[in-house]
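Novice: FYI, the numbering for the sequence shown is 1 to 212, going by full-length UniProt numbering. We treat Cβ as the ideally placed atom computed from N, Cα and C, and that holds for glycine. Below you'll find the structure I mean.
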Amino acid sequence: MSAPDDRSLTETGLPPDGTGRVLVIGCGALAHEILALKRLNGWDHLDLTCLPAIWHNHPDRIAPGLRTLVERHRDAYPTILVAYADCGTGGGLARTCAELGVEMMEGPHCYAFFEGQAAFAARASEEIDAFYLTDFLTRQFDAFVWRPLGLDRHPELAPLYFGNYRSLVYLAQTEDAALDRQAAACAARLGLAYERRPTGYGDLAAFLAGRG
């Protein structure tokens, strides 16, 4: 199974494709990483379906969308895993998972589990003024940040939105010089200092390992 283009993952998500015994329901922003781990580890028992990544801008849609997918696919899969953190749902996603009897990742958001929950928590107080990007969000910066905030029409408003931030931290899942340059350009557009921090796949790999 190969991931579709980033625009499709952002706007429509990803349907399941496979005959595995474990279904992973994830955010479209994690599709490339989950599929890479599946290939690297030979996890042919894992199938993946994703909700639209842009729902991070509308977190009220995530829990109902998850419920729909679990109810649709429960009979076909003995095990369903949820590759989401809280992601702005205010605990709603965790409550839905508990009600449905499916396991989800721990943590507030993907930045924390990519860096590792403990490492991210240890930095929290000193990085309260940091804005984070991942590989996917770097590629989709315009779709998630620039256009939704109207900065494509009024770039002069960037200091108003980001005036309380000091830095942009790119949490890099892969070694990609082009993405590094792109993330640095995003920082420059926002008027922020730039830091690249390699994380690999963080806690995502451990969450998926040994399932089913």
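Candidates A172, L69, L81, A83: which alpha carbon is nearest Y194's?
Specialist: Numbered from 1 along the sequence shown, position 194 holds the residue referred to as residue 194. When only C-alpha atoms are compared, the closest one is A172.
Novice: Measuring CB to CB, does D203 end up less than 9 angstroms from E106?
Specialist: Counting from 1 along the sequence shown, the entry for residue 203 is found at position 203. Counting from 1 along the sequence shown, the entry for residue 106 is found at position 106. Against a cut-off of 9 angstroms, the Cβ pair of E106 and D203 comes out as a contact.
Novice: Note down, in chain order, each residue of its chain lying with its Cβ closer than 7 angstroms to the Cβ of P52, except the 5 sequence neighbours on either side.
Specialist: Position 52 of the sequence shown holds residue 52. Result list for P52: T10, E11, T12, G13, G28, in chain order.
Novice: Would you kindly check if the distance between the Cβ of I34 and the Cβ of Y84 is under 9 angstroms?
Specialist: Taking the sequence shown and counting its residues from 1, the one referred to as residue 84 is at position 84. Taking the sequence shown and counting its residues from 1, the one referred to as residue 34 is at position 34. It is not a contact, given that the beta carbons lie outside the stated cut-off.
Novice: Identify the continuous alpha helix (DSSP H) that holds R39 and give its terminal residues.
Specialist: Here residue 39 is taken as the residue at index 39 of the sequence shown, counted from 1. Taken as a continuous stretch (DSSP letters only), the alpha helix (DSSP H) holding R39 covers 31–41.
Novice: Can you grab the Cα-Cα spacing for the pair L100 / G191, in whole Å?
Specialist: Residue mapping note: residue 100 aligns to position 100 of the sequence shown, counting from 1. Residue mapping note: residue 191 aligns to position 191 of the sequence shown, counting from 1. Cα to Cα, the separation comes out at about 44 angstroms.
Novice: Give the secondary structure of A85 by DSSP, where H, G and I count as helix, E and B as strand, and everything else as coil.
Specialist: As a first step, residue 85 is located in the sequence shown; it is residue number 85 there, counting from the start. The answer is coil: DSSP assigns A85 none of H, G, I, E or B.
Novice: Using three-state DSSP, classify E115 as helix, strand or coil.
Specialist: As a position in the sequence shown, residue 115 is number 115, starting the count at 1. It is helical.
Novice: For the beta strand (DSSP E) containing E195, name the first residue and the last one.
Specialist: Locating residue 195 in the sequence shown gives position 195, counting from the first residue. From DSSP, the beta strand (DSSP E) with E195 extends over 193–198.
Novice: Going by beta-carbon coordinates alone, are R7 and H45 separated by less than 9 angstroms?
Specialist: By one-based count along the sequence shown, residue 7 stands at place 7. By one-based count along the sequence shown, residue 45 stands at place 45. Their beta carbons are not under 9 angstroms apart, which means R7 does not touch H45 by this criterion.
Novice: Evaluate contact between the segment 129–146 and the segment 165–180, counting only Cβ atoms and requiring at least three cross-stretch pairs below 8 angstroms.
Specialist: Because the criterion of three Cβ pairs below 8 angstroms is met, the segment 129–146 and the segment 165–180 touch.
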